[in-house]
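Numbering (the numbering used here), first residue to last: 667 to 755.
Structure follows, in structure tokens:
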């Protein structure tokens, strides 16, 4: 939030550099953006190292079980929200 400077965008300073590639605050100039494939606004420079190590991925059934757990938890949250909304009627 300190880097963002919501009150004055001209005070923003990038923290990313070639020497410091792990930092998240990066500024792009117009030429750099327009020269992207199809001038895509998708800007991605952070890399998830866990996704690049294909030998250490969990078994498909483990991933599927985690997805099911996440979806069931989300469904439970939506049920709570729906119940609270109904109670407010």
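C-beta: ideal position from N, C-alpha, C; glycine also.
Candidates the options: which alpha carbon is nearest residue i's?
| i | options | result |
| --- | --- | --- |
| residue 683 | 732, 736, 693, 737 | 693 |
| residue 690 | 726, 751, 681, 696 | 681 |
Once the 5 residues before and after residue i are set aside, which same chain residues still bring their CB inside 8 Å of it?
| i | result |
| --- | --- |
| residue 747 | none |
Leaving out the 5 sequence neighbours to the left and right, which residues in its chain are closer than 7 Å to residue i when beta-carbon positions are compared?
| i | result |
| --- | --- |
| residue 677 | 671 |
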